[in-house]
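These notes concern the structure reproduced below.
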Amino acid sequence: MSNFIYNSYCVEHPGVVHVYQAADDRKSAVKRFSGKRGASALLLAALVAALMVVVNEVAHNWTDGHMLGAWVVLWVAAFMGLALFSAPARRAAMTARAGYRAWTESRQQAAADERIWNAALQDARLMADLARAMDRQGN
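In this note's numbering, each residue carries its 1-based index in the sequence shown increased by 908.
Structure follows, in structure tokens:
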């Protein structure tokens, strides 16, 4: 008669499982990230901070008796800045991002064209194909 022993050993290390789960969570977080919102929020914060510096300089020149008034003016300016600059900041961030994307694509296309041209300088058949394509494009 034979006896069978069933041992339940772990086939996966718990630390490795946690690392893989963290990597999957990071990938999903990166997919959900919107660069448009982050850039527009950063631009909005910069504009409001600049406005707050100007208001602070104006309020700093007031006498001590008007500190509450200066504080109220400072916060009113902050909230007005948020209200006034939010849409333009978002549009500016989206325009800058689209411009950067177009510039990056044009640089990639120029690099690809340069690689093809350098390869064509070494291969007569490729140069003939390029010459025919340029002739067709010119007509």
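The beta carbon of each residue, even a glycine, is placed where N, CA and C say it ideally should be.
Beta-carbon separation (whole angstroms), residue i vs residue j, contact threshold 8 Å
i	j	result
L955	A997	6 Å
S948	A1001	4 Å
Neighbour-count burial assignment, residue i, 16 or more Cβ in a 10 Å radius
i	result
A1019	exposed
V924	exposed
Short Cβ contact (8 Å threshold) for residue i with residue j
i	j	result
A1041	L1034	no
A978	A967	yes
G989	L951	no
Rounded separation between residue i and residue j - CA only
i	j	result
E920	Y928	11 Å
V963	L992	16 Å
R1044	R1005	35 Å
W1011	V980	45 Å
I1024	Q1017	11 Å
P922	R1009	41 Å
G1046	A1039	10 Å
Q1030	A953	54 Å
A1032	D1021	17 Å
A930	N1026	44 Å
Cutoff 7 Å; reference residue i; Cβ partners in own chain excluding five residues on either side
i	result
W983	none
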